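Peer 1: Sharing a structure with you now.
If you want it as structure tokens, here you go:
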């Protein structure tokens with residue numbers, strides 16, 4: 001009897017392995033695949049953009065065309081046919097630029113977000129969290145906008161911000177990640193469709209968590225979003241992004257750019273729970289997640305903190321970084337990256353110390369399961385004038401099974417004798433002893449692994465906002481499916 | 001409760017248990033002594049189903065079931081508890097969370113409702129008090145940074161929370177100073193009951209000053225060489241194990 005029941009439990013769980021893998025059947029306007037200057041003009045005109053932005057895009061596109069694809073990461077990336085991708089898809093119901101009232105949003109879209117656990121309706125909204133929902137290439141709605149406006153916080157889709165606050169966008173766009181920064185950033189600058197814009201005025205502590213939920217739905221499209229967060233002197237904000245996509249056999253490209261700017265005494269906390277479709281157990285399908293995220297600690301005493309939980313995507317290539325320009329500024333990077341089956345991740349951070357007494361902390365936890373490859377790649381650079389810079393880096397890797405691998409590539413460059421850089425790295429396997437100990441207490445093997453992994457990630461999870469820490473843990477459990485045997 | 005009949009078993013590649021037989025009735029306390037390498041720990045690990053011990057022949061009946069056919073986690077849920085000789089560290093997992101996961105896994109197996117965190121908290125607080133241990137044991141990660149004595153105390157505490165029917169203590173007294181030994185022994189005595197049995201594996205007679213066994217067995221070369229009452233332990237203490245071979 002017991003055995004039968006257990007089998008059922010296992011089967012039920014196996015079925016829900018990627019529960020976000022459904023497709024929303026919705027009429028959409030999708031431009032034909034292909035990429036040339038006309039594509040970019042079309043995207044720009046769809047969004048009714050000012051001329052300066054079109055010029056910015058075209059300039060980026062021309063630079064991108066001359067750039068080689070990067071191949072320095074420890075990743076096997078199949079050649080991507082950029083002409084086979086559609087660069088813009090918008091559900092009909094969402095009019096790209098009109099300020100949206102959620103009442104007008106297609107119920108199917110609302111239903112989609114309900115299913116994803118991100119209700120947008122007034123009644124059921126997540127308490128204390130404002131959400132911008134991005135579906136394929138457009139934002140379908142932003143909650144709590146009015147409440148935030150009362151304290152001067154701007155939280156809107158990027159497209160809206162281009163129209164409502166062009167001066168801010170023009171001032172900051174591309175200042176942290178220039179268009180020519182790297183191949184995928186250049187591509188994004190050319191074709192980005194939507195994303196979120198956040199502006200926290202001087203001295204304001206954002207009264208609620210802000211979050212963006214990215215959803216890829218349409219087939220054969222790429223998602224290229226752009227997020228820009230500016231915190232003025234003494235401002236602070238905590239922002240979280242989540243991402244999911246349907247299960248498809250084709251790979252889909254996601255190339256985002258995130259720029260953060262923190263002025264004097266400002267604090268930005270940016271958390272990511274990345275759960276793009278990872279592909280099936282044979283490595284078919286899944287999202288290519290090529291993302292450039294960088295924060296500029298422009299002001300003195302400013303602080304930028306990245307926390308990421310990466311469980312999805314067939315390939316992840318991202319290095320959320322901090323430029324510590326202001327004196328006494330600090331940067332943090334907390335990361336859990338779990339790869340299973342044939343997933344590949346090459347992720348880490350760059351901490352660039354330019355100001356005096358700047359401080360950075362890097363805690364990276366890589367978990368490899370199945371046949372996956374998981375690499376930490378980090379750079380700590382201390383410039384000549386950065387007196388008394390300090391860095392602490394800890395990279396821990398956990399291997400589950402025999403066919404996976406973990407790699408660590410820590411680079412340090414110091415041009416200042418007063419710098420103090422510490423690095424600790426460990427690689428461990430879940431030990432038989434730990435497993436046996438749990439088993440002897442009655443814990444099943446599957447739960448024991450999840451317990452041990454959860455403990456391994458504790459240092460990072462505690463950095464996440466409470467409600468998302470719970471989600472992140474649940475996500476890890478699901479991603480560990482099939483880790484044994 | 002437990003009937004071990006002519007068991008042969010290997011630890012790794014080595015034949016360690018060679019025809020061991022033992023019967024334990026409910027409520028009894030059996031002490032197992034014997035020289036190094038005689039198979040004491042192997043016997044404990046065999047009962048708990050630890051994978052480094054492979055039974056070759058013989059049978060173990062526990063509460064009417066064929067114990068050797070059960071998975072380790074099933075044995076635990078059926079009430080078999082092993083206090084480890086070397087308790088394992090699990091970083092980042094606090095003791096209380098670990099124990100609640102364990103208890104609820106066992107309850108689930110037995111078809112009982114899970115215990116919610118409030119109920120659980122009340123229960124463990126009471127146990128901590130009953131067993132004369134310190135509250136901070138609950139919040140710390142499982143065995144991480146614990147002293148030898150603390151680890152052993154934690155084993156006894158876990159035993160108290162999980163309320164096994166058959167508790168096996170594998171050299172729980174080794175490396176303890178006299179105060180820690182007393183706490184461990186008091187804990188065990190507190191947990192003694194007419195339907196709970198103990199197998200206490202030890203090197204030293206001094207633990208038996210505090211825990212009064214019903215039987216003392218001497219294990220030599222993989223089987224029980226002699227069985228007696230507590231006085232046997234004194235004899236061993238004075239004369240060593242050499243006379244057993246004569």
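Protein chains in written order, with the numbering used here: chain A, 1 to 485; chain B, 1 to 246.
The C-beta atom is built at its ideal place from N, Cα and C for all residues, glycine as well.
All values reported here derive from a predicted model rather than from experimental measurement.
Touch check for the stretch 37-54 of chain B and the stretch 410-418 of chain A: three-plus C-beta pairs under 8 Å?
Peer 2: no
Peer 1: What is the rounded straight-line gap between the Cα of residue 86 of chain A and the Cα of residue 226 of chain A?
Peer 2: 17 Å
Peer 1: Which chain B residues are close to residue 334 of chain A, counting only those with a beta carbon under 7 Å from its beta carbon?
Peer 2: None at all; the shortest Cβ gap to chain B is about 14 Å.
Peer 1: Give the single residue among A:28, A:78, A:56 and A:390 whose Cα lies nearest to the Cα of residue 283 of chain A.
Peer 2: Looking from the CA of residue 283 of chain A, the closest CA among A:28, A:78, A:56 and A:390 belongs to A:78.
Peer 1: I'd like the list of long-range same chain contacts for residue 34 of chain A, defined as Cβ closer than 7 Å, with 5 residues on each side in sequence excluded.
Peer 2: 83
Peer 1: With a threshold of 8 Å, are at least 3 pairs of Cβ atoms found where one atom belongs to the stretch 400-410 of chain A and the other to the stretch 61-76 of chain B?
Peer 2: no
Peer 1: Quick one: residues in its chain with C-beta nearer than 8 Å to the C-beta of residue 176 of chain B, no 5 flanking neighbours on either side, listed in chain order?
Peer 2: 148, 149, 152 and 184
Peer 1: Spell out whether any CB of chain A is found under 8 Å from the CB atom of residue 50 of chain B.
Peer 2: yes
Peer 1: Can you check whether the CB of residue 11 of chain B is closer than 8 Å to the CB of residue 42 of chain B?
Peer 2: Against a cut-off of 8 Å, the Cβ pair of residue 11 of chain B and residue 42 of chain B comes out as a contact.
Peer 1: What's the C-alpha gap between residue 97 of chain A and residue 433 of chain A?
Peer 2: Only weak support exists for where residue 97 of chain A lies, its pLDDT of 47 falling under 50; the value from the coordinates is given anyway. Looking at the two C-alpha atoms, the distance is approximately 59 Å.
Peer 1: Hey, is residue 82 of chain B's beta-carbon within less than 8 Å of any beta-carbon in chain A?
Peer 2: yes
Peer 1: At the level of alpha carbons, what is the spacing between residue 472 of chain A and residue 222 of chain A?
Peer 2: 25 Å
Peer 1: Name the chain B residues whose beta carbon is nearer than 7 Å to that of residue 443 of chain A?
Peer 2: 73, 101, 102 and 105
Peer 1: Just how far apart, CA to CA, sit residue 241 of chain B and residue 18 of chain B?
Peer 2: 18 Å
Peer 1: Across the stretch 145-152 of chain A and the stretch 198-208 of chain A, are there enough close Cβ pairs to call them in contact, namely three or more that are closer than 8 Å?
Peer 2: yes
Peer 1: Looking only at its own chain, which residues have a Cβ that is under 6 Å from the Cβ of residue 163 of chain B, when we skip the five neighbours before and after it?
Peer 2: none
Peer 1: Can you check whether the CB of residue 319 of chain A is closer than 8 Å to the CB of residue 349 of chain A?
Peer 2: For residue 349 of chain A and residue 319 of chain A, yes; Cβs fall inside 8 Å.
Peer 1: Quick test of the definition: if touching needs 3 or more C-beta pairs under 8 Å, does the stretch 310-317 of chain A touch the stretch 445-464 of chain A?
Peer 2: no
Peer 1: Just mark residue 178 of chain B as buried or exposed, buried being the case when its beta carbon has 16 or more other beta carbons within 10 Å.
Peer 2: exposed
Peer 1: Please list the partners that residue 220 of chain B has in chain A, where partner means a Cβ-to-Cβ separation under 9 Å.
Peer 2: Within 9 Å Cβ-Cβ: nothing; residue 220 of chain B doesn't reach chain A, min ~27 Å.
Peer 1: Tell me where the alpha helix (DSSP H) around residue 437 of chain A begins and ends.
Peer 2: 432-440
Peer 1: Could you work out which residues of chain B lie near residue 456 of chain A, taking near to mean beta carbons separated by less than 8 Å?
Peer 2: 91 and 92
Peer 1: Helix, strand or coil for residue 124 of chain B, going by three-state DSSP, please let me know.
Peer 2: helix
Peer 1: Quick check on residue 91 of chain A: buried or exposed, where buried means 16 or more other Cβ atoms within 10 Å of its Cβ?
Peer 2: Under this definition residue 91 of chain A is a buried residue.
Peer 1: Please name the residue or residues paired with residue 251 of chain A in a DSSP beta bridge.
Peer 2: DSSP output for residue 251 of chain A lists A:286 as bridge partner(s).
Peer 1: Helix, strand or coil for residue 98 of chain A, going by three-state DSSP, please let me know.
Peer 2: Low confidence applies to residue 98 of chain A: its pLDDT is 48, below 50, so where it sits in the model is not reliable, and the reading given next is rough at best. Residue 98 of chain A falls in the coil class under three-state DSSP.
Peer 1: Is residue 394 of chain A close to chain B, meaning its C-beta is less than 8 Å from at least one C-beta of that chain?
Peer 2: no
Peer 1: Within this structure, are the beta carbons of residue 334 of chain A and residue 463 of chain A separated by less than 8 Å?
Peer 2: yes
Peer 1: Can you check whether the CB of residue 143 of chain A is closer than 8 Å to the CB of residue 156 of chain A?
Peer 2: no
Peer 1: Sorted by chain position, which residues of the same chain lie with C-beta nearer than 6 Å to residue 323 of chain A's C-beta, five sequence neighbours on each side aside?
Peer 2: 296 and 352
Peer 1: Closer than 9 Å, Cβ to Cβ, to anything on chain A: give me those residues from the stretch 156-189 of chain B, in chain order.
Peer 2: When C-beta distances to chain A are compared with 9 Å, the residues of the stretch 156-189 of chain B below that value are 158 and 162, in chain order.
Peer 1: Just checking my contact of residue 1 of chain B with residue 166 of chain B at CB under 8 Å: how many whole Å lie between their CB atoms?
Peer 2: 6 Å
Peer 1: Distance, Cα to Cα, residue 255 of chain A vs residue 29 of chain A?
Peer 2: 21 Å
Peer 1: Under 8 Å between C-beta atoms, does residue 210 of chain B make it to chain A?
Peer 2: no
Peer 1: Answer yes or no: do residue 201 of chain B and residue 213 of chain B have a C-beta to C-beta separation smaller than 8 Å?
Peer 2: no
Peer 1: DSSP puts residue 390 of chain A in a beta bridge; with which residues?
Peer 2: A:359 and A:420
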